[in-house]
Amino acid sequence: MDYREANILAQTFGFALGTTLSGLLLFLIYRSGGKNRGARFWFAACVLIANGAGLFKNLALLGDPNLSPALEYRIRSIGFAAGALCPCGILSIWRSNALTSLRRKAGSWIVLYSVISGSLIAVSVIAGTWATAELIAIPGLNLLTAQDAVGNLAIYNGLLVLIVGGITLLPGALRGPTDQIAIALMILGLLVSTAGAIASFFLPPPGTVAHLAQIGRFQGVILLVIGVFFYFSHFRAADVFAKIALRLILGGLLALGGALLLFGPIASTTRNMPLPLATGTLVGVVILSGAILLYLRLGYWIDLLVERRIFGKRDPRQMIQEFRQKIGSQNSRTSLIASIQSAAVETLAMRPEEIQVEPGLADTAPPADLLIPILPSSSKPIHLAVSLQGDRRMLLTTEIDLLHEIALHAGKRLNDLEREEERIERVRTEGHLSRQLVEAELRALRSQINPHFLFNSLNTIASLIPSEPEKAEKMTIRLSSIFRYVLIQSGRPFSSLHEEMEFLRTILDIEQIRFGERLSVTFEIESAAEHLMIPSLILQPLVENAIKHGVTPKIGKSHILVGARLHDNTIQIRIEDDGLGLRTDNDFDRRIRAHITNGTGIGLQNVRERLSTLYGTAAALTLSDLASTGCRATLTIPIHGAKDANSSIACGR
């Protein structure tokens, strides 16, 4: 491969890459909005024409090495003319973004100069190419035929106006590192082209330095295009464009380097070997494999460069991890929605008013640039609405993907909260219904005395009237006291332990009259516990249980012990009888069912339910055999009603 072929190949690569990038940039500008759209479109079109003309000329030379010089110059003239007019669009944008009116006024003169100078250069290069021999013979006009000199003048002029324009118009107008990188790339691209133009003028071919200078002269515009892209990056998928552009440059450079190496030194070396084709092919495969591995590795670093350095975005995985940890501690829909909004604001670096979490379905929401559903199928659907305002005209694909992931995790957490709220509401409803049921049963108990107790008491009174009228009178008074206490307690859910014990004394007095000498009763009550409050009428079923299952079936004398004491912040109340006992193991549920079936009123099951409703697991009701004979029912009730007290309550049959 000689100097001319290598030069054409390198230029073809550069022009092809420049044409691709500028064409994509032109398309994205066409699809985007915002101010200065015409100036941006003008610049992209000029760069596309300049690169397209160079690519067309080189492809023609590769197809026909004997291409007419006149046709080659005419194609080049179109590219030089378009390149001379490129700075006008950039300067117009800088002028509109200048901070002060004085800078904008100075910018108007700079733009005017760039238009006039660029137009003169464009006219000159085209006129020199298309002029007739008679016109060129006029003294002074023969300079127009020096196309390279006029083309270099376009490069020098572009560098001059951009440097002057940048110094005059850009101070204070750059919006961040992306703009700074963009301006640096634009200036660097023109500096590379200028250095190449100067070097190619002083260094004649075919030297290596002259070869590189010729490549830099025409390919510095690629850096200019990339820099302008970053400055124009106000459209969706700007990060994708940046990654593709840099990957194209990387791939092209690797391909160009491999081609130059393969068709240059390697071809010359293997030509004199015994098997030149096989050796060259093997070396080519090794070079290709190495280039692919290098491309994959460098491509990863290019993506990180674009996301972290150029666009200044954090690691998405870290952001999602922090967001999940944050919403994991949120226990209300309001705070979770606030966390969603703050995470979106941090992701997009926008103002809170530009990002809202809106209720309702996305298709019924107010107009927005981006709508992301969070709970689309919920009974209370919500979505994330993003409205781009001010200078921001684009969202990066990484930002959109991150917002979708935020919405996904937020939706899961909101679903969990909804289920938790439903569960809490269900438990609350069940608890409320349970309390209503217990209260209704308690009211029923208060409204009527146990029928068996009342029937037995009246029978005893009737039998005592003829023989022992004094006992009958005493028993009647006791029975009326029971009715009076039940009526008084009808509006009170709690009573003091002293009141409940007096109520039990009255009941047991009646039972002692009924059973006579067969029944004896003992009370052992700590005085410190008498003022404490317990649920009203909760002890009556336990005494009735002791009478029915302990005293009545037993032949001979029976004894009932009622005791109460304080222990570990609880009240322990025990009711013991020396009757037949449980007979079997502690089958509490079976005896409760038997007790209720036998018709003893509210029953022991409701005692347990009342305790669970009022105290949760802090209170309990258990039943146990005594060591000798009989049964003990024990209630343990927390003094302060704490639901986490480690108490146990034992209850009778």
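Just so we're aligned, residue 3 is where the sequence shown starts under the numbering used here, counting upward by one.
For each residue, glycine too, the CB sits at the ideal point set by N, CA and C.
Residue i: first and last residue of the uninterrupted beta strand (DSSP E) it sits in
i      : result
GLY565 : 560-569
GLN574 : 572-579
ILE294 : ILE294 -> not in any beta strand (DSSP E); alpha helix (DSSP H) instead, spanning 278-306.
ILE374 : 372-375
Bridge partner(s) assigned by DSSP for residue i
i      : result
SER498 : MET535
SER626 : ARG634
SER522 : HIS561
GLN358 : ALA387
ILE639 : ILE573
ILE527 : ALA566
Whether residue i touches residue j by CB criterion (8 Å)
i      : j      : result
LEU637 : PRO543 : no
PHE175 : LEU104 : It should be noted that the sequence gives Ala, not Phe, for residue 175. No. Outside cutoff.
LYS245 : ASP150 : no
GLU502 : LEU460 : no
LEU405 : ALA346 : yes
LEU61  : SER24  : no
VAL152 : PRO89  : no
LEU628 : GLU578 : yes
THR14  : LEU57  : yes
GLU528 : LEU568 : yes
GLY167 : TRP96  : yes
VAL127 : SER70  : no
LEU625 : ILE562 : no
ILE157 : LEU172 : no
LEU155 : ILE118 : no
ALA41  : GLY91  : yes
SER560 : MET535 : no
ILE224 : GLY191 : yes
ILE357 : GLN343 : yes
Pick from the options that is closest to residue i, judged by C-alpha positions
i      : options                        : result
CYS48  : LEU613, LEU226, GLU427         : LEU226
VAL553 : PRO537, ILE527, LEU582, GLU526 : LEU582
ILE228 : ARG428, THR22, ILE118, ARG567  : THR22
ILE169 : ALA62, ILE189, LEU568          : ILE189
HIS411 : ALA635, THR478, ILE329         : ILE329
ILE426 : LEU481, SER334, VAL388         : SER334
TRP303 : ARG486, ASN461, ALA124, ARG249 : ARG249
THR631 : PRO278, LYS107, LYS556         : LYS556
SER270 : ILE294, VAL285, LEU256         : VAL285
ILE549 : LEU386, LEU87, VAL523          : VAL523
VAL564 : ALA184, SER498, VAL545         : VAL545
SER195 : ASN159, LEU171, GLN182, ILE185 : ASN159
GLN514 : LYS476, LEU373, LYS59          : LYS476
SER614 : ILE31, LEU298, SER436          : SER436
SER98  : LEU187, LEU252, VAL113         : VAL113
PHE457 : GLN438, THR478, ALA108, PRO468 : THR478
LEU161 : LEU93, GLY282, ARG516, ILE183  : LEU93
SER483 : ALA293, ASP511, ILE268         : ASP511
CYS633 : HIS551, ILE183, ASN38, ARG33   : HIS551
ALA409 : HIS385, ASN38, GLU422          : HIS385
PRO383 : ASN417, VAL125, ASP570, HIS434 : ASN417
LEU263 : ILE322, GLN323, VAL288         : VAL288
THR131 : GLY253, ILE165, ALA83          : ALA83
ALA566 : ILE77, ALA531, LEU255          : ALA531
Start-to-end residues for the alpha helix (DSSP H) that takes in residue i
i      : result
VAL545 : 542-548
ILE95  : 88-99
LEU489 : 471-490
THR619 : No alpha helix (DSSP H) contains THR619, which DSSP labels as neither H nor E.
SER270 : 269-272
Any non-hydrogen atom of the ligand SAH within 7 Å of residue i CB
i      : result
THR554 : Absence of the ligand SAH from the depicted structure is noted, as is the absence of any ligand whatsoever, leaving it without description.
Output the residue ranges of the alpha helix (DSSP H) runs that lie fully inside the region 155-206 and measure 4 residues or longer, sorted by chain position.
Fully enclosed alpha helix (DSSP H) runs of 4 or longer: 179-204.
Which complete alpha helix (DSSP H) runs does the region 6-63 hold, if anything under 4 residues is left out?
Segments of the alpha helix (DSSP H) lying fully in the region 6-63: there are none.
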